[in-house]
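What follows is one structure encoded as C-alpha cells, with my remarks underneath.
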Amino acid sequence: MESLSVFNTTASFPLFSSSLDHPRPQLSLTPSSYRPMPKLDVVHCAAAQGQSSAAAAAAAAAKPKEAKLWGGRFEEGVTDAVERFTESISFDKALYKHDILGSKAHASMLAKQGLMTAEDRDSIHEGLTEIQRRIESGEFEWRTDREDVHMNIEAALTDLIGEAAKKLHTARSRNDQVLTDFRLWCRDAIEAILVQIKHLQVSLVQLALKNEGLIVPGYTHLQRAQPVLLQHLLLAFVEQLERDAGRLLDCKERLNFCPLGACALAGTGLPIDRFMTSDALGFTAPMRNSIDAVSDRDFVLEFLSANSITAIHLSRLGEEWVLWASEEFGFITPSDAVSTGSSIMPQKKNPDPMELVRGKSARVVGDLVTLLMLCKGLPLAYNRDLQEDKEPVFDSVKTILGMLEVSAEFAQNITFNKERIQKALPAGHLDATTLADYLVKKGIPFRTSHDIVGRAVAVCVSKGCQLKELNLDELKSINPVFDKDVYEFLGVENAVKKFSSYGSTGSECVASQLDHWVTKLGLTKGA
30 MESLSVFNTT
40 ASFPLFSSSL
50 DHPRPQLSLT
60 PSSYRPMPKL
70 DVVHCAAAQG
80 QSSAAAAAAA
90 AAKPKEAKLW
100 GGRFEEGVTD
110 AVERFTESIS
120 FDKALYKHDI
130 LGSKAHASML
140 AKQGLMTAED
150 RDSIHEGLTE
160 IQRRIESGEF
170 EWRTDREDVH
180 MNIEAALTDL
190 IGEAAKKLHT
200 ARSRNDQVLT
210 DFRLWCRDAI
220 EAILVQIKHL
230 QVSLVQLALK
240 NEGLIVPGYT
250 HLQRAQPVLL
260 QHLLLAFVEQ
270 LERDAGRLLD
280 CKERLNFCPL
290 GACALAGTGL
300 PIDRFMTSDA
310 LGFTAPMRNS
320 IDAVSDRDFV
330 LEFLSANSIT
340 AIHLSRLGEE
350 WVLWASEEFG
360 FITPSDAVST
370 GSSIMPQKKN
380 PDPMELVRGK
390 SARVVGDLVT
400 LLMLCKGLPL
410 AYNRDLQEDK
420 EPVFDSVKTI
430 LGMLEVSAEF
440 AQNITFNKER
450 IQKALPAGHL
460 DATTLADYLV
470 KKGIPFRTSH
480 DIVGRAVAVC
490 VSKGCQLKEL
500 NLDELKSINP
510 VFDKDVYEFL
520 GVENAVKKFS
530 SYGSTGSECV
540 ASQLDHWVTK
550 LGLTKGA
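The sequence shown begins at 30 in our numbering and counts up one residue at a time.
Here's what the structure looks like:
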C-alpha cells in the first residue's frame, strides 16, 4: 500500500508509531447552454488518493450512490459537481488513525455513561481495529460519496458490525470530531518536527566540533565587519533552532485541549463525561467553551506561524551556504552527494538542496497566509470554509520536515576550505574595531577612537596594506597614544583573542557555548 501520510521524509523514525506515541477527480463540463469544453483532468497524488482518478471514477460509476448519513430531511441527492467540490476525503484521510483513536475513546465514554452497552462498545472497538488494519493494508475502499474520513469510517463500521455502529455518533458532531482528530494530528506532527530540529542542531554542532579554531569573516550589510570563529557562527543557527523548538512546544501546550463533546456548537443534554475522553486521548483538559471548541483555529495559525519562522531561519542558512559555495567566496565545498549538475554546462556543481530550502520557505509562509485569510471574518461558530484548513497544514508540515532533513544532510556533507578562507581574511580591515577598543583602554573616548581608527584605515586604503602592516611611526603620526603593544590587538587572530564578553566570539566564550550544546544535545566531543 502506498502511504496515506502527507509526510514524505526518509527520516529514521516513524511519524505515527502508535495511536498516542509521541512521535479532484476527472471533470467533464458540457452543460447544454454552453459550447462543449475540453475535458479537464485534475490529477491528485496517488499516495494521497490511494487510487488513480480514473480508477476512482470507474469505481463510482460501477455502484449506485448511497444515502447520506445526514440525508433524512432531503428529498434528492446532491449533484455530481457539488459532491466533487465538497468532498474532503482526498486529503483528510490522513487523519484516519486519529479519527479511530477518538472514536474508541468516545465509545468507551458512552458505555461508561450508560449510553451504549459494553457489548456495543466492544463491537465498535473491534470493528474500528479491523478498519484500521484494512486501511493500512490497502484493502479499505475510500468513497467520495461518503465525503470525508469520518463518514467513510463510520459507514464502513456500520457495514461491518451493523446497528451498534449507529450509536457511535451519540453526543458527537463532525464539528468537534474533526477538531479532535486535527489536534491529535498536529500534536504528533509537532513531535516529528522537534525530532528533525534536534537532528539539524546535532549536525551543526558536530560540524562546529570538526572546525575548532577556524576564523572566518563576519559580515554586516554583506560587507566585511569583524573576524569570528566559525564555531560561533554555526552555533548562532543552533540558537535559532532552539527558539523554533520552544515555539513549537508552546504551541503544543496550547493546542492540547480537547473539543470532543462540544458537538455542533452548543454541547449536549446527554450525560457525557468530557473529562474522561480528554484524559483517554492525552489532552490536558476539555475546552471550556463549546462554541470556541468547534470554531477555534488559533492552534493551526500558531503552528504554521512557528513553522514559518523555522522556514525563514532555514532559508537564511541556505543563503549563507549558497553564497559560501560560490566561486566568489569558495569557503565551502559540498560533496557530490548533496550537489547537482547542469544539463548544458558540464563544469557546474550546484548546491541545489539549499537553494530549494531557501525557495520552499515561500511555500511554508504561503500556507500560513492561506490560513490567516481563511479565518478572517468568519462568524461563530463552525463554517464549511474551515474544511480548507487541512491541506495548508499538511503541506507546511511535509515541507518543513523536508527542509530540516536536507539541511542536516547538507551540513554532514560539506568541507570548509581553510586555505581559501585564510587567504580571504586580510581583506576588509576586520581588526579595526579591536583597534578602537585598544584606544578606549588607553583612556580615549570611543567616538574619538572611532575617528582615529577611521583615519588609520584611510591610510591603509591609500597604501594598499593592512592595519597590522603600518609601522609604529605611521600610527603615532595619526595619534601619539599608540605604542608597541598595539600589535597585540592587530591581525584577525589577535583580534579574536581580545573578545571576552559573555556570548562573544572569543575562544573561551565559544568553547563555553559549545560545551553547553554538546551537553544539552547529549553529544561526546571527539566521537
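For every residue, glycine included, the Cβ atom is placed at its ideal position computed from N, Cα and C.
Taking the straight line between their C-alpha atoms, what separation do you get for residue i and residue j?
i	j	result
Ala218	Gly275	15 Å
Cys74	Ser119	For Cys74, the pLDDT reaches just 37, beneath the cut-off of 50, and the residue's location in the model is therefore unreliable, although a value from the coordinates is still provided. Going from the Cα of Cys74 to the Cα of Ser119 covers about 9 Å.
Phe358	Val525	21 Å
Pro19	Ser390	Any answer about residue 19 is impossible in this case: the structure gives the chain only from 30 up to 556.
Ser530	Asp512	25 Å
Tyr125	Gln376	49 Å
Glu420	Glu148	38 Å
Leu333	Asn181	28 Å
Leu197	Glu271	43 Å
Leu385	Thr209	34 Å
Ala89	Glu159	Low confidence applies to Ala89: its pLDDT is 48, below 50, so where it sits in the model is not reliable, and the reading given next is rough at best. Each residue's Cα considered, the two are about 24 Å apart.
Leu130	Trp546	38 Å
Ser81	Leu346	Residue confidence for Ser81 is low, a pLDDT of 44 falling below 50, so the modelled location carries little weight; the figure read from the coordinates is stated next. Each residue's alpha carbon lies about 39 Å from the other.
Val351	Pro380	6 Å
His154	Ser319	27 Å
Phe3	Leu504	Lying before the first or after the last residue shown, residue 3 is absent from the chain, which here runs from 30 to 556.
Met305	Thr199	16 Å
Ser491	Val510	22 Å
Gln161	Gly388	37 Å
Asp365	Glu498	41 Å
Ser253	Cys489	It is Arg, not Ser, that sits at residue 253 in the sequence shown. Each residue's alpha carbon lies about 15 Å from the other.
Pro455	Ser425	43 Å
Gly156	Glu170	15 Å
Lys554	Leu251	33 Å
Glu95	Glu105	12 Å
Which residue from the options puts its Cα closest to that of residue i?
i	options	result
Ala194	Ala140, Ile341 and Glu176	Ala140
Gly457	Phe312, Asn240 and Val521	Val521
Leu330	Arg212, Lys470 and Val539	Arg212
Ile190	Asp151, Gln269, Val426 and Asn500	Asp151
Arg413	Leu459, Val207 and Ile222	Val207
Ala110	Cys538, Ile153 and Asp174	Asp174
Tyr516	Ile373, Gly290, Leu464 and Cys489	Leu464
Ala340	Tyr411, Asn523, Arg449 and Gln225	Gln225
Asn508	Ser324, Ser478, Leu229 and Gln269	Ser478
Lys427	Thr146, Ser137 and Ala221	Ala221
Trp353	Gly406, Tyr248 and Thr146	Tyr248
Glu348	Phe286, Leu284 and Ser436	Ser436
Asp308	Asp424, Ala134 and Leu294	Ala134
Gln230	Leu343, Met145, Asp514 and Ala540	Leu343
Tyr411	Phe423, Ser324, Lys447 and Phe475	Ser324
Asn285	Ala291, Leu299, Gly311 and Gly296	Gly311
Any heavy atom of the ligand SAM closer than 7 Å to the beta-carbon of residue i?
i	result
Lys554	The ligand SAM is not among the ligands present in this structure, which contains no ligands whatsoever.
Classify residue i as helix, strand or coil using the three-state DSSP reduction.
i	result
Asn523	helix
Tyr531	coil
Ala254	strand
Val107	coil
Ala354	helix
Arg212	helix
Ala291	coil
Gly275	helix
Val490	helix
Asn500	coil
Tyr248	strand
Asn446	coil
Pro579	Past the edges of the chain, shown from 30 to 556, lies residue 579, and the structure says nothing about it.
Pro382	helix
Ala410	coil
Ala314	strand
Phe511	coil
Thr339	helix
Thr477	helix
Phe286	strand
Thr369	strand
Ser573	There is simply no residue 573 to check, as the chain begins at 30 and stops at 556 in what is shown.
Pro421	helix
Arg326	coil
I think residue i touches residue j, with their Cβ atoms under 8 Å apart; what is that distance to the nearest whole Å?
i	j	result
Leu400	Arg303	Incorrect: roughly 27 Å between the Cβ atoms, too far for contact.
Asp205	Pro288	5 Å
Leu496	Ala487	Not really, about 11 Å apart at Cβ, beyond 8 Å.
Ile338	Asp273	6 Å
Are the segment 254-264 and the segment 464-475 touching, with three or more C-beta to C-beta distances below 8 Å? no
Can you confirm whether the segment 243-257 touches the segment 443-454 when touching is taken to mean that 3 or more C-beta pairs between the two stretches lie within less than 8 Å? yes
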